[in-house]
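Okay, structure first, notes after.
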Amino acid sequence: AQSASRMASRLSASPPVGRAFTAPLRRRPSSGSLAATADQAPAAPVALRPASTMTADDSVDTREVLLVGLGDPVSDILVRLDDPSLASRVFDACGISEPGGCVPVDSDEDIKSLLAACGEQWITGAGELETPSRSFSEDVPAQGVEPTYCPGGSAANVAKAVANLGGDAAFVGMIGRDDIGARYRELLRSQKVTPVLLEVDVDEDDAGSTPRSAQCLSLVEKGGQRTMRTYLGASLRMGASHFDENVERLAFGVDRVGADDDESTTTKSQSDDAAPRPGSAPRASLLHVEGYTLYRPDLARAAMTAAKRRGALVSLDLASFEVVRNCRSQLLSLLDDGLVDLLFCNEDEAAELIGETRAPDAFAREDAGRAMEWMLRYVRVATVSLGARGCVSVDNKGQRGVSPGVRCAVVDTTGAGDSFTGAFLWAYLRGGSLQACCSCGCAVGTAVVQVLGAELTAARWGELAGDLETVLLRDRERAGVD
């Protein structure tokens, strides 16, 4: 038991509550008294606005893309259970009668208890740990794998994809004042994403207790099925009032040139240094908002309005069919006001938009066409991902993009939809056609499902970046652009 406790104490965090591939979570608006810290990048390059043409330099320097993601910073703990016997024991120990899906839990203590139960089952098959410092992976059965920690959340995954492809990306969210949040910040940095993370204050109305940083435990079986338990904690405390002038400035690139990467700045509603410094970074090209933010529509509206004020585009993914169902009025309000430029959804979400009831695998491209026709009443680009069948996209000028799916061995679908969106947006902001955007998105999504937790190696990201540069180069050649 002590060994299990030691092992559990080393763990904490979650898989992204991501786009198309993740069961939905119902979220509720919340507020709180908050202080904030924002990490600043050492330098922000020139932002490239979407254009129909590209220059010769575009194929060389991809750091021109500047994307800001807004969403819940969910720390992911991914546990791979390839051995069916081990998986069965873990599920029994965790009280999980129906594997699969995503269920919210009330506190981070629930996450710790589940991790302890997992640890006990591993130790049952592997023997006692000899010392607390010994790597647990040396003692687990051959089928067991030490948990993988990832900075998750849908919008964060989008930002990670853009950054790893060479674009400049930042992420805005709220964390607790704890080691989990600190680790999340460092993991984002390691993924080349600039963290703009607000920290929640002690809640004086709740006996001094402070919400912990969001975490999600994901048990991944052979074949890729995930069973998730998620604690959203401090992330839900971020509201419209927290997206103030200082956060807006930090998120959209101003004052990031020459800043120390380890420097933290407390955000204020009224900042004395609100004016941009000479030589400061330009405006962001695009704000990407995850669909779960629709449960806090005032926050979504505040961020989108700030983006529009700074001349940036806004993209939104619909997250889950339940978000579409439960937040339809909030969604329509934002769309009616022209706050969204690019809209992403999968088959489930598209079916919910148009009232289609057939199963996702029976959802045809004709159905996707009807959904995109509906979406184009409000936005300039509509995209529907079709899972293993690829994707389709169309804009308000009639240009289309279609990419078929690619057969591959699926290890874990965590973050695959988000990575697709990130690569699509990277190509779009580079001036790619919708066909090129679809090809880039599907290439990255296919690569991500073949690894655990959407965590591709730097070498693999480098290969993909090279491949996608070739896609854009050929796209330019077909368009007759010099």
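For the sequence shown, this note's numbering gives the first residue as 5, with consecutive numbering after it.
Think of the CB as a built atom: it goes at the ideal place given N, C-alpha and C, for glycine as much as any other residue.
On a predicted model such as this, the values are computed, not experimentally measured, just so you know.
When the distance is taken between beta carbons, is valine 344 closer than 8 Å to leucine 74?
Position 70 of the sequence shown holds residue 74. Position 340 of the sequence shown holds residue 344. Not in contact: leucine 74 and valine 344 (Cβ atoms no closer than 8 Å).
* Taking the alpha-carbon positions, what's the arginine 464 to serine 213 distance? -> Along the sequence shown, read from residue 1 onward, the residue named residue 464 stands at position 460. Along the sequence shown, read from residue 1 onward, the residue named residue 213 stands at position 209. The straight-line gap from Cα to Cα measures roughly 43 Å.
Does the beta-carbon of valine 107 have 16 or more other beta-carbons within 10 angstroms, so that it is buried, or is it exposed?
Your numbering for residue 107 matches position 103 in the sequence shown. Per the 10 Å Cβ criterion, exposed.
Which residue marks the beginning of the beta strand (DSSP E) containing arginine 84, and which one marks its end?
The residue given as residue 84 occupies position 80 in the sequence shown. Counted as a single uninterrupted DSSP element, the beta strand (DSSP E) harbouring arginine 84 occupies residues 78 to 85.
Exercise. May I ask you to report which of helix, strand or coil DSSP gives cysteine 349?
Key: Translated into positions along the sequence shown, residue 349 becomes position 345. Judged by DSSP in its simplified three-state form, cysteine 349 adopts strand.
TODO: For serine 443, collect the residues of the same chain with a Cβ closer than 7 Å to its Cβ; drop the 5 residues on either side in sequence, then sort them by chain order.
DONE: For the purposes of this step, residue 443 is taken as residue 439 along the sequence shown, with counting starting at 1. Closer than 7 Å at the Cβ level, and outside the excluded window around serine 443, lie Ser407 and Val475.
**Prompt:** Based on the DSSP output, what are the partners of glutamine 219 in its beta bridges?
**Reply:** Counting from 1 along the sequence shown, the entry for residue 219 is found at position 215. DSSP, once it has assigned bridges, lists Ser79 and Tyr235 as partnering glutamine 219.
Notebook entry, point to check: Using DSSP with H/G/I as helix, E/B as strand and the rest coil, what is glutamate 294?
Noted result: The residue given as residue 294 occupies position 290 in the sequence shown. In the three-state scheme derived from DSSP, where H, G and I count as helix and E and B as strand, glutamate 294 is classed as coil.
What are the start and end residues of the beta strand (DSSP E) that includes glycine 177?
Stepping through the sequence shown from its first residue, residue 177 is reached at position 173. Where glycine 177 is concerned, the enclosing beta strand (DSSP E) stretches over 172 to 179.
*Nearest to valine 94 by alpha carbon, out of Asn400, Glu481, Ala120 and Glu360?*
Here the question's residue 94 lines up with position 90 in the sequence shown. Nearest of Asn400, Glu481, Ala120 and Glu360 to valine 94, Cα basis: Ala120.
Check your understanding: When the Cα of arginine 384 is compared with those of Gly391, Leu240, Ser397 and Ala427, which residue comes out closest?
Key -> Taking the sequence shown and counting its residues from 1, the one referred to as residue 384 is at position 380. Taking each of Gly391, Leu240, Ser397 and Ala427 in turn and checking the Cα distance to arginine 384, the smallest one comes out for Ser397.
* **Unbroken stretches of the beta strand (DSSP E), 3 residues or longer, contained in the stretch 96 to 127** => If we require 3 residues or more, the beta strand (DSSP E) runs fully inside the stretch 96 to 127 come out as 105 to 108.
### Query
Can the beta-carbon of alanine 427 be found closer than 8 Å to that of glycine 445?
Working through the sequence shown from its first residue, we reach residue 427 at position 423. Working through the sequence shown from its first residue, we reach residue 445 at position 441. Contact: yes.
Checklist line | Helix, strand or coil at glutamate 225 according to DSSP, with G and I counted as helix | finding: One-based indexing of the sequence shown puts residue 225 at position 221. Residue state for glutamate 225 is assigned as strand, using DSSP reduced to three classes.
Whole-angstrom C-beta distance between tyrosine 235 and valine 109, which should lie under 8 Å
By one-based count along the sequence shown, residue 109 stands at place 105. By one-based count along the sequence shown, residue 235 stands at place 231. With 8 Å as the limit, valine 109 and tyrosine 235 qualify as a contact, their Cβ atoms being about 5 Å apart.
### Task
With DSSP as the reference, label proline 408 as helix, strand or coil.
The count along the sequence shown starts at 1 and reaches residue 408 at position 404. In the three-state scheme derived from DSSP, where H, G and I count as helix and E and B as strand, proline 408 is classed as coil.
**Message:** Suppose contacts are defined by Cβ-Cβ distances below 8 Å. Is proline 215 in contact with alanine 160 by that definition?
**Reply:** Here residue 215 refers to the residue found at position 211 of the sequence shown. Here residue 160 refers to the residue found at position 156 of the sequence shown. Not a contact, by the Cβ cut-off of 8 Å.
How big is the Cα-Cα spacing for proline 46 and valine 162? As a working note, residue 46 is residue 42 in the sequence shown. As a working note, residue 162 is residue 158 in the sequence shown. Confidence is the limiting factor: at proline 46 the pLDDT is only 35, short of 50, which leaves the residue's position unreliable and the question unanswerable from this model.
Distance, glutamate 249 Cα to alanine 278 Cα: Taking the first residue of the sequence shown as position 1, residue 278 is located at position 274. Taking the first residue of the sequence shown as position 1, residue 249 is located at position 245. Low confidence applies to alanine 278: its pLDDT is 28, below 50, so where it sits in the model is not reliable enough to give any reading.
Next item on the list: Apply the 10 Å Cβ neighbour rule to valine 224 and answer buried if 16 or more other Cβ atoms are within range, or exposed otherwise.
Entry: For the purposes of this step, residue 224 is identified with residue 220 of the sequence shown, where counting begins at 1. When all chains shown are included, valine 224 counts as buried.
May I ask you to report which of helix, strand or coil DSSP gives serine 437? Looking up residue 437 in the sequence shown gives position 433. Under the three-state reduction of DSSP output, serine 437 falls in the coil class, being neither helix nor strand.
Review point. In whole angstroms, what is the alpha-carbon distance linking alanine 413 and threonine 450?
Key: Position 409 of the sequence shown, counted from the first residue, corresponds to residue 413. Position 446 of the sequence shown, counted from the first residue, corresponds to residue 450. CA-to-CA, the gap between alanine 413 and threonine 450 works out to about 9 Å.
Contact set for alanine 311: own chain, Cβ-Cβ below 8 Å, skip 5 residues either direction:
In the sequence shown, residue 311 corresponds to position 307, counting from 1. These residues qualify, in order along the chain: Val72, Phe256, Ala288, Leu290, Leu291, Leu317 and Val318.
Name the residue from Leu201, Ser389, Leu347 and Glu203 whose alpha carbon lies nearest to the alpha carbon of aspartate 399. In the sequence shown, counting from the first residue as 1, residue 399 sits at position 395. For the residues Leu201, Ser389, Leu347 and Glu203, the minimum Cα distance to aspartate 399 belongs to Leu347.
Residue environment, threonine 361, which counts as buried when at least 16 other CB atoms sit within 10 Å
The residue labelled residue 361 in the question sits at position 357 within the sequence shown. Exposed, since its Cβ has fewer than 16 Cβ neighbours within 10 Å.
In this structure, does DSSP put glutamate 370 in helix, strand or coil? Position 366 of the sequence shown, counted from the first residue, corresponds to residue 370. Of the three classes helix, strand and coil, the one that applies to glutamate 370 here is helix, per DSSP.
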